[in-house]
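*Asks:* One structure coming up, written as structure tokens, with questions to follow.
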Amino acid sequence: MSDIDDVKHAVNEWLQGLDSGDLERMIATCDPEVVICNERQQTTVGIQAVRDKYGPRIEAYTFKSTYDIEHIRVYCDMAMMIGRFTVSFTNKESGQQGGGEGRLTLCYRRHTDGSWKLVLDVDNNDHRDAA
Amino acid sequence: MSSLLDDVRHEIVDIHEFFVAWFNGTIDRDQLEPRLLSRFDPDVVFIPPEGRVVEGAGLQGMFERGYGTNKDFKIQIRDVTIRRQIGSVVLANYTEWQIGATTSKPSNNARVTSAIIDMGPPLKWLHIHETWLPEEVRAAGSFDF
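Heads up: the sequence lines are chains S and Y, in that order.
Sequential numbering of the first sequence, starting at 1, is according to the working numbering.
Sequential numbering of the second sequence, starting at 1, is according to the working numbering.
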């Protein structure tokens, strides 16, 4: 596979992890120092912060997510993508539904074993109805 | 001897000082290319908090239209942090505090920026993505600058 295919595979692993409620599958795509800058939320750094952020959400909700890549570039051992995300969620207990969409930058770093790991996630929301 | 963080902070502060001078109209108009556009990679992408994608000609047009349009505009850069260095490429975060903005609401606003910069030489900005800070952070921050 090409570098771009490998990076897209990493993105899909995250999405499928989220949609299947498998936090460890999501975590496996992250660099230890991953930075997440979600709109109007505190910036989080590191895998533990990802666990703390997504663990409770996965406990409480089921998700369906997409990411349509608009731009992708590879600079040596770094890959940068810009795209549109959508996410819909359902509360497991109440059945209440919500969702959102917007712009999302994802940046990956190639590790020495050849795998691509998420180092940066930045988003803007078209509207907010967050889990 | 300056550290990489010093160099990155200097670059980020310097380019924002240019933005302010440009929108204030206190710098010569012919400085757009040598002082700003030459620092951008040809494929640079800028995403402001509203989430639209601005590239190449769109970025140049945005600045050309904005020259001297806001004499009260101010920016202060805070919290410059290098998150990752991959070869000569640096991934940095910083917060940008604006006073008197006319194209963002509120006019006194605060955003966190992720910037990917090839420190070169030659230095080139590759990617800039801004998103709003939490409202409680903005409300608690100082706009006294």
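Glycine included, C-beta positions come from ideal geometry on N, C-alpha and C.
The structure presented is a predicted model; accordingly, all values stated were derived computationally and were not measured.
T103(Y) versus chain S: which residues are under 9 Å apart at the beta carbon?
*Replies:* Those do not exist, as T103(Y) stays about 15 Å from chain S at its closest Cβ, beyond 9 Å.
*Asks:* Would you tell me roughly how many angstroms separate the C-alpha atoms of C30(S) and S94(S), rounded to the nearest one?
*Replies:* Between C30(S) and S94(S), the C-alpha separation is close to 31 Å.
*Asks:* Which residues in the same chain as A92(Y) place their Cβ atom closer than 6 Å to its Cβ, once the five residues preceding and following it in sequence are excluded?
*Replies:* Taken in chain order, the residues that qualify are V8, I82, A115.
*Asks:* Could you compute how far the alpha carbon of V87(S) sits from the alpha carbon of P42(Y)?
*Replies:* V87(S) and P42(Y): Cα-Cα distance of roughly 32 Å.
*Asks:* Do you know whose CA, among I69(S), R25(S), G83(S), E39(S), lies nearest G55(S)'s CA?
*Replies:* Minimum Cα distance to G55(S) is reached at R25(S).
*Asks:* Counting only C-beta atoms, is C30(S) closer than 7 Å to chain Y at any point?
*Replies:* Not closer than 7 Å to any Cβ of chain Y, the Cβ of C30(S) fails to qualify, so no.
*Asks:* Compile a chain-ordered list of the residues in the region 62-79 of chain S whose CB is closer than 8 Å to at least one CB of chain Y.
*Replies:* Flagged, chain order: E70, H71, R73, Y75, C76, D77, M78.
*Asks:* Answer with buried or exposed for D68(S), where buried requires no fewer than 16 other C-beta atoms within 10 angstroms of its C-beta.
*Replies:* It is exposed - the Cβ of D68(S) has fewer than 16 other Cβ atoms within 10 Å.
*Asks:* Compute the beta-carbon to beta-carbon distance between N70(Y) and G100(Y), rounded to the nearest angstrom, for a pair I have assumed lies under 8 Å.
*Replies:* With 8 Å as the limit, N70(Y) and G100(Y) qualify as a contact, their Cβ atoms being about 6 Å apart.
*Asks:* Does the beta carbon of R84(S) come closer than 7 Å to any beta carbon on chain Y?
*Replies:* False, the Cβ-Cβ gap to chain Y never drops below 7 Å.
*Asks:* Within 7 Å of any Cβ in chain Y, is that where the Cβ of V7(S) sits?
*Replies:* Chain Y contact via Cβ: absent.
*Asks:* Based on Cα-Cα distance, which residue from R109(S), V122(S), K92(S) lies nearest to Q111(Y)?
*Replies:* It is Arg, not Gln, that sits at residue 111(Y) in the sequence shown. Measuring from the Cα of R111(Y), the nearest candidate turns out to be V122(S).
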